[in-house]
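Chemist: Residue numbers (my numbering), protein chains in the order written: chain Y, 93 to 340; chain C, 93 to 340.
There are 2 protein chains.
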Amino acid sequence: MVVIGGGNVAWHLSKQFSNCKSINLLQIYNRNILSISDLNSVATITDKVDEIKIADIYVLAISDNAIKDMLDFIPNKKALILHTSGTTSMNILNKFDRIGVFYPLQTLTKFNEIDFKNIPILIEAKHKDDLLILKNIANQISDNVQYINSEERKKIHLAAVFVNNFVNHLYSIGYEFLEENNINPSILIPLILETAQKLVNYHPKNIQTGPAKRKDFITIASQIEMLENKENKVIYKLLSDSISKQYE
Amino acid sequence: MVVIGGGNVAWHLSKQFSNCKSINLLQIYNRNILSISDLNSVATITDKVDEIKIADIYVLAISDNAIKDMLDFIPNKKALILHTSGTTSMNILNKFDRIGVFYPLQTLTKFNEIDFKNIPILIEAKHKDDLLILKNIANQISDNVQYINSEERKKIHLAAVFVNNFVNHLYSIGYEFLEENNINPSILIPLILETAQKLVNYHPKNIQTGPAKRKDFITIASQIEMLENKENKVIYKLLSDSISKQYE
């Protein structure tokens, strides 16, 4: 196998693949060698496209808009070509016959080691045999492997934007508001962890609390007043309205 | 001590106080006896205001707008009177001399047992001696007790609305979008847990990812298109704009 890419996903997957017994991770390619330099402990690294080795499987863990152009540099036209993107259809790889997707549904940050056993790995392949290959690999990494087609994966990725990117942005707003007021934001961490942990037992709709749900317009008005940042006032209003409507 | 209230906070605090060695929990009062019936294992319960017992400490774990009226029914004018609200100033209790606040910064749901040891308990009192009493009680319940005045507490509560109420609403939107598309939303749980867990090691601003951060306007447009609910389109746009601006 050859992994292509030098970002968060390439970093984590290279480590995972290098620990799979059935995989021989030959090489990691990235146009910028510095961002993969620490991966030379798990495989040979290169930044030269014409040095990409012949392999049976290529994993393109690169940004969505770079996938298509990268295909020209894959030296084995009979190989199984995978991408790792949530939003991109498998068909972008159609220049090749043996194609598939290996998408870990998780927020991955370089150097932040994480247990992959619980991470859903969403796999898809054009050919049945290749799907079995993917399944076999994914099962060595995670206990939560699911067959998901490109349309479903796009929907899951969109939901992930809400529960990860947008949620993390609300964390930022809360943190920065407290920092501006000289309060250490780490006071919020137990609340944040429990808010997430509750989903193991409850549907989020059934555990909503707070001023918007109980239509406490006095508290809502005083909190909007307290926010100094205009954009955060708009976010506060919009999300409060949306919550209030949900519990009418 | 007498606890007044029958909601989530009253339920949890009654259980916690009943386990404190230095507290004799005499009674729990609520206007609706049914919602406290299961608490008769930890104290006497009543729904009659004129039967509220004489005690040294009264804990008003009731909704913000009910606090003022409830004060008329406290039979011991020399007692220490506490409320448990994040948004309400301590001064609302000014009809009494010995007043204070005992605010657990956590999302509490009845019957959902939770370890209080890590929950920040924010305490405030008008008199030094009473603050020591509160500190002594809070220390028996949690390892994270902090002196926070009413102004600071209001700010922390506002931040909590962002990281709890609003975050939980984004969970709801993600869940419902997948449910409408016949995908089991529990696939999101590992991502949600890790997104929260990351804050133990990182500031949220330093770990943002996704289409809005990298200004991937093609993905953003296709995701807005994919959302059917108009209001969710507006939320998606507003939060994406806000993220994009943060990383300019």
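No residue lacks a Cβ here, since even glycine has one placed at the ideal position from N, Cα and C.
If you reduce the DSSP assignment to three classes, tell me which class residue 193(C) lands in.
Modeler: DSSP places residue 193(C) in strand when its eight states are reduced to three.
Chemist: Checking the sheet assignment: what are the DSSP bridge partners for residue 340(Y)?
Modeler: Residue 340(Y) pairs with nothing; no bridge assigned.
Chemist: Using the Cα positions of residue 325(Y) and residue 163(C), report the straight-line distance between them to the nearest angstrom.
Modeler: Cα-Cα distance, rounded: 34 angstroms.
Chemist: Given residue 134(C), which residues of its chain have a CB within under 7 angstroms of its CB, disregarding the five upstream and five downstream residues?
Modeler: Cβ within range, chain order: 106, 107, 110 and 117.
Chemist: How about residue 257(C): is its C-beta nearer than 8 angstroms to some C-beta of chain Y?
Modeler: With 8 angstroms as the cut-off, residue 257(C) counts as an interface residue toward chain Y.
Chemist: DSSP three-state label for residue 102(C), please.
Modeler: Reduced to three states, the DSSP call for residue 102(C) is helix.
Chemist: Take residue 142(Y) and list the residues in its own chain whose beta-carbon comes closer than 6 angstroms to its own, dropping the five residues that flank it on each side.
Modeler: The answer is none, since no qualifying residue turns up.
Chemist: With distances taken between CB atoms, is the gap from residue 202(Y) to residue 215(Y) smaller than 8 angstroms?
Modeler: Cβ distance not < 8 angstroms, so residue 202(Y) and residue 215(Y) don't count as in contact.
Chemist: Once you ignore the five residues that flank residue 276(Y) on each side, which residues in its own chain have a CB closer than 8 angstroms to its CB?
Modeler: Once the five neighbours on either side are set aside, the close Cβ partners of residue 276(Y) are 270.
Chemist: Identify the contact partners of residue 252(Y) in chain C, using a Cβ-Cβ distance below 7 angstroms as the criterion.
Modeler: The contacting residues are 280 and 283.
Chemist: Could you tell me which residues DSSP pairs with residue 175(C) in its beta bridges?
Modeler: DSSP lists 152(C) and 193(C) as partners of residue 175(C).
Chemist: Which residue's Cα is closest to the Cα of residue 339(Y): 297(Y), 94(Y) and 323(Y)?
Modeler: For the residues 297(Y), 94(Y) and 323(Y), the minimum Cα distance to residue 339(Y) belongs to 297(Y).
Chemist: Could you pull out every residue in the same chain whose Cβ sits closer than 6 angstroms to the Cβ of residue 150(Y), ignoring the five residues on either side in sequence?
Modeler: So the list reads 94, 166, 171 and 173, once near-sequence residues are dropped.
Chemist: If you draw a straight line from the alpha carbon of residue 250(C) to that of residue 261(Y), how long is it in whole angstroms?
Modeler: Approximately 15 angstroms, taken between the alpha carbons.
Chemist: With DSSP as the reference, identify every bridge partner of residue 94(Y), one or two as the case may be.
Modeler: Answer is 119(Y) and 150(Y).
Chemist: Looking only at DSSP bridge pairs, what is residue 136(Y) linked to?
Modeler: Per DSSP, 119(Y).
Chemist: Ends of the beta strand (DSSP E) at residue 237(C)?
Modeler: Note, residue 237(C): beta strand (DSSP E), 237-239.
Chemist: Since residue 246(Y) meets chain C, which of its residues come closer than 9 angstroms, beta carbon to beta carbon?
Modeler: Per Cβ cutoff of 9 angstroms: 314, 315 and 318.
Chemist: Just checking: is the beta-carbon of residue 110(C) within a distance shorter than 8 angstroms of some beta-carbon in chain Y?
Modeler: No, residue 110(C) does not count as interfacial toward chain Y.
Chemist: Taking only beta carbons into account, state which residues of the region 263-275 of chain Y come closer than 7 angstroms to chain C, listed in chain order.
Modeler: Residues passing the 7 angstroms Cβ filter: 263, 264, 265, 266, 267, 269, 270, 273 and 275.
Chemist: Does DSSP put residue 319(C) in a helix, in a strand, or in coil?
Modeler: Of the three classes helix, strand and coil, the one that applies to residue 319(C) here is coil, per DSSP.
Chemist: In the structure shown, what three-state DSSP assignment does residue 223(C) receive?
Modeler: Three-state DSSP puts residue 223(C) in a helix.
Chemist: Within the same chain, show all residues whose beta-carbon is closer than 6 angstroms to that of residue 223(C), passing over the 5 residues directly before and after it, in chain order.
Modeler: Around residue 223(C): 217.
Chemist: Does DSSP classify residue 275(C) as helix, strand or coil?
Modeler: Correct three-state label for residue 275(C): coil.
Chemist: Taking 8 angstroms as the CB-CB limit, is residue 288(Y) close to chain C?
Modeler: Yes - at least one Cβ of chain C is within 8 angstroms of the one on residue 288(Y).
Chemist: Compute the Euclidean distance between the alpha carbons of residue 253(Y) and residue 177(Y), then round it to the nearest angstrom.
Modeler: Computed Cα separation, rounded: 13 angstroms.
Chemist: Comparing the CB of residue 223(C) with every heavy atom of the ligand GTP, is any distance shorter than 7 angstroms?
Modeler: Inclusion of the ligand GTP in the displayed structure is not the case, the ligand content being empty and no account of it being possible.
Chemist: Which value, in whole angstroms, describes the spacing of the CA atoms of residue 197(Y) and residue 301(C)?
Modeler: Using only the alpha carbons, I get a separation of about 13 angstroms.
Chemist: Tell me, to the nearest whole angstrom, how far the beta carbon of residue 336(C) is from that of residue 327(Y); I am working on the premise that it is less than 8 angstroms.
Modeler: About 14 angstroms; that fails the 8 angstroms criterion.
Chemist: Under a Cβ-count criterion, where at least 16 other Cβ atoms within 10 Å of its own Cβ denotes burial, should residue 286(Y) be classed as buried or exposed?
Modeler: Flag for residue 286(Y) reads buried.
Chemist: Please report the straight-line C-alpha distance between residue 283(Y) and residue 199(C), rounded to a whole angstrom.
Modeler: Taking the straight line joining both Cα atoms gives about 6 angstroms.
Chemist: How would you call residue 424(Y), buried or exposed, if buried means at least 16 neighbouring beta carbons within 10 angstroms?
Modeler: Since the displayed chain Y opens at 93 and closes at 340, residue 424(Y) lies outside it and no answer follows.
Chemist: Would you kindly work out how many angstroms separate the C-alpha atoms of residue 231(C) and residue 315(C), rounded to a whole number?
Modeler: Their backbone Cα atoms lie some 48 angstroms apart in a straight line.
Chemist: Counting along the chain, where does the alpha helix (DSSP H) carrying residue 251(Y) start and finish?
Modeler: Run containing residue 251(Y): 242-252, per the alpha helix (DSSP H) assignment.
Chemist: Are the C-beta atoms of residue 117(Y) and some chain C residue less than 8 angstroms apart?
Modeler: No, no contact with chain C.
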